[in-house]
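Take a look at the structure below.
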Amino acid sequence: PAKYFDTKTTEPISFYLSGLEELLAWQPNSNDEFNVSAVPLAKRQPPLLSRRPRTLVCHDMRGGYLEDRFIQGSATSNPYVFYHWRYIDIFVYFSHHTVTIPPVVWTNAAHRNSVPVLGTFITEWTDGEKLCEAFLAGGEEAYGAVAEQLARIAQHYRFDGWLVNIENTLNAAAVANLPLFLRELTARVHSAVPGGLVIWYDSVLKNGTLRWQNELNEQNRIFFDACDGLFTNYNWKEEQLERTQRLAGPRQNDIYVGVDVFGRGDVIGGGFDTYKSLRLIRQFGLSAAIFAPGWVYEHLGKENFLQNENRFWASLAEYLPTHSICTLPLTTSFSLGMGTSTFQDGKDEDSGPWYDLSAQDVQPLYPEDQGVLTTSCCLQDAWCGGSSLQLQGTFPPGEERVAVRLFSLQMPAPPKLFLTLLYKLEGPQPDDFTVTLEVTTGDSEMCFEGNPTSLPEPNGRYHPRFLPAPPPGLAKLLAACQRGSHGWTSRCYELELQDCSLQDLFVIVSRQQPSPQETSITCLLGEVRVLDTASVAASPPQVYGVTASQLWWQ
Numbered sequence: 001p002a003k004y005f006d007t008k009t010t011e012p013i014s015f016y017l018s019g020l021e022e023l024l025a026w027q028p029n030s031n032d033e034f035n036v037s038a039v040p041l042a043k044r045q046p047p048l049l050s051r052r053p054r055t056l057v058c059h060d061m062r063g064g065y066l067e068d069r070f071i072q073g074s075a076t077s078n079p080y081v082f083y084h085w086r087y088i089d090i091f092v093y094f095s096h097h098t099v100t101i102p103p104v105v106w107t108n109a110a111h112r113n114s115v116p117v118l119g120t121f122i123t124e125w126t127d128g129e130k131l132c133e134a135f136l137a138g139g140e141e142a143y144g145a146v147a148e149q150l151a152r153i154a155q156h157y158r159f160d161g162w163l164v165n166i167e168n169t170l171n172a173a174a175v176a177n178l179p180l181f182l183r184e185l186t187a188r189v190h191s192a193v194p195g196g197l198v199i200w201y202d203s204v205l206k207n208g209t210l211r212w213q214n215e216l217n218e219q220n221r222i223f224f225d226a227c228d229g230l231f232t233n234y235n236w237k238e239e240q241l242e243r244t245q246r247l248a249g250p251r252q253n254d255i256y257v258g259v260d261v262f263g264r265g266d267v268i269g270g271g272f273d274t275y276k277s278l279r280l281i282r283q284f285g286l287s288a289a290i291f292a293p294g295w296v297y298e299h300l301g302k303e304n305f306l307q308n309e310n311r312f313w314a315s316l317a318e319y320l321p322t323h324s325i326c327t328l329p330l331t332t333s334f335s336l337g338m339g340t341s342t343f344q345d346g347k348d349e350d351s352g353p354w355y356d357l358s359a360q361d362v363q364p365l366y367p368e369d370q371g372v373l374t375t376s377c378c379l380q381d382a383w384c385g386g387s388s389l390q391l392q393g394t395f396p397p398g399e400e401r402v403a404v405r406l407f408s409l410q411m412p413a414p415p416k417l418f419l420t421l422l423y424k425l426e427g428p429q430p431d432d433f434t435v436t437l438e439v440t441t442g443d444s445e446m447c448f449e450g451n452p453t454s455l456p457e458p459n460g461r462y463h464p465r466f467l468p469a470p471p472p473g474l475a476k477l478l479a480a481c482q483r484g485s486h487g488w489t490s491r492c493y494e495l496e497l498q499d500c501s502l503q504d505l506f507v508i509v510s511r512q513q514p515s516p517q518e519t520s521i522t523c524l525l526g527e528v529r530v531l532d533t534a535s536v537a538a539s540p541p542q543v544y545g546v547t548a549s550q551l552w553w554q
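Take 1 as the starting number for the sequence shown in UniProt numbering and just add one per residue.
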């Protein structure tokens, strides 16, 4: 069927639902299994609902379902990717179809990076009025059926909830049932999807008029009270933020103040001035909803997209609280889910563009205060996948070591950690430099390295012990330690900690000898792994009952 498979190539594709009939008739079937997310939502610290301002990203690009609809990837040159996941809390996939089911590649990439994904339920114009009258004015049975279907869809495709956007006027009967529908939908999503969310877009008012308020007030509060949050329209002024904060009270973090990166209408900021809006929003302790950050790609063009994207998010980083990884193993090759070639073990196996967000790896922090070394994505060379992480800069005279924070961690340290690193040094004198990993731990009086007789490090910085060869029990799995090739160097480390909590993972680039000259250096990171030795040594779980379906021989 053309809904589930591309008519030209027969490849499986992601899809949306149009209209009320299609929504109410929806049932899971064997053709849509490709569209079910295979990546559970990774845990994070602090949890999403902690008391701090959040950041929502609403992705709206040229109507949606572009090359991202190809579930098994496509040969797309210069595609749009998003990878600053550590800086955002919620990702919404937006389109103007009635029921926007997020393409599964986005759900997979976001979940791997601890970010929940919402679809969109939208009604607009006169068709929207008719649709709303059909299910809202029809009473509890009618709106209950819509709520149930939306919850079932999120549960089946394994995404995390809905943005609800009613952009049309409503008659008296319909608007009277709207808060009840929102309560019903929110309750059903909460029970069907762990950590599920329903967010209301600031549009229609309690009397049924369509008039954007750009704030929380008595006209729209009834909808905010019925769900998990309010996403405001974009044309707000400072006094509206103040009133919103007052009215929201203890729920101020559930107000997502809209920021249109395209800067349409009478707005503060937009483009590379978007930070001005965020600065104000955060002054009032409110959350932010960044709408259409694809501006970087659509407005500035595909050519220097990765540089522009890093510049855009770096300009906002000061106002974006990050979240930390809190489970092991942590393993990444820094792949963006795209490339100009496909690399395996450092070798270019397959030249040619590819795009598949499901293949995107866990993404690091991209430091905003670029010091001696700047961090960027390198598509020209990689250990595995399509890209590596490039650290580039010039060591000033006398500077001996530079630390770059890759990941923020927040978890109790297991008694023994095993770490692996693959890197490649380039520059005039690569042999003058060494690259190592460093782990920092949180403040704890009790935290010791190795045996309790060694003194605690005063600053909680630990340099894992270099292992020339892997310990016997792990040799097979960690053939990693001798696997550098094609100019890549492989390193394995072990670290024993007692009563410690992990805090950060750094990569350290240092000079072998101090030098009076400045020296330029490029270091590519191909892979980093942090493993709990105990769980690595355990045998993997058995797999039973494998079935194969949908075979296509050619």
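C-beta atoms are modelled at their ideal positions from N, C-alpha and C, and glycine is treated no differently.
- DSSP places TYR80 outside both helix and strand once states are collapsed to three, so it counts as coil.
- In the displayed model, VAL36 falls within coil according to three-state DSSP, outside both helix and strand.
- Taken in chain order, the complete beta strand (DSSP E) segments of 3 or more residues contained in the stretch 231-283 are 255-260.
- Residue state for LYS206 is assigned as coil, using DSSP reduced to three classes.
- Between THR440 and GLN503, the C-beta gap is smaller than 7 Å, which places the two residues in contact.
- For HIS156, the three-state secondary structure derived from DSSP is helix.
- Around the beta carbon of ARG51, a 10 Å sphere encloses fewer than 16 other beta carbons of the protein chains shown; the residue is thus reported as exposed.
- Annotated as distal: TRP383 and GLY352, with beta-carbon spacing of 7 Å or more.
- The Cβ atoms of GLN410 and SER535 lie no closer than 7 Å to each other.
- Three or more beta-carbon pairs separated by less than 8 Å are not found between the stretch 19-34 and the stretch 51-61, which leaves the two stretches without contact.
- Annotation: ALA314 to ILE521 spans about 22 Å, alpha carbon to alpha carbon.
- Between CYS378 and LEU524, the beta carbon gap of about 6 Å places them in contact (Cβ cut-off 8 Å).
- Look at the stretch 75-139 and you find these whole runs of beta strand (DSSP E), each 3 residues long or longer: 90-93 and 117-124.
- At the C-beta level, LEU336 and SER387 come within 7 Å of one another.
- One Cα belongs to VAL99, the other to PRO414, and the distance between them is close to 44 Å.
- Around the beta carbon of LYS43, fewer than 16 other beta carbons sit within 10 angstroms, so the residue counts as exposed.
- DSSP, read as helix, strand or coil, puts LEU425 in strand.
- A contact between stretches requires three or more CB pairs, one per stretch, nearer than 8 Å, and the stretch 60-75 fails this requirement with the stretch 255-274.
- Here the alpha carbons of GLY301 and THR489 stand approximately 35 Å from one another.
- Only residues of its own chain outside the window of five on either side were considered, and among them ILE222, PHE223 and ALA226 have a CB closer than 7 Å to the CB of PRO179, listed in chain order.
- Distance from GLU184 to GLY128 at the Cβ level is roughly 20 Å; contact not present, criterion being Cβ atoms closer than 8 Å.
- Going by DSSP, ALA314 is part of the alpha helix (DSSP H) stretching over 305-316.
- Here DSSP, grouped into helix, strand and coil, assigns ARG62 to coil.
- Rounded to the nearest whole angstrom, the C-alpha separation of LEU131 and LEU20 is 7 Å.
- 7 Å or more divides the Cβ of GLU309 from the Cβ of PHE418.
- Annotation for TRP354: the continuous beta strand (DSSP E) segment containing it runs 347-355.
- The beta carbon of ILE268 sits closer than 7 Å to those of LYS276, SER277 and LEU280, all from its chain and outside the five residues before and after it, given in chain order.
- Taking a contact as a CB-CB distance under 8 Å, the pair PRO116 and GLY195 counts as one, their CB atoms being some 6 Å apart.
- Sorting GLN517, SER510 and CYS492 by C-alpha distance to the C-alpha of LEU422 places CYS492 at the top.
- For TYR297, the enclosing alpha helix (DSSP H) starts and ends at 295-300.
- Taken in chain order, the complete beta strand (DSSP E) segments of 3 residues or longer contained in the stretch 174-223 are 197-201.
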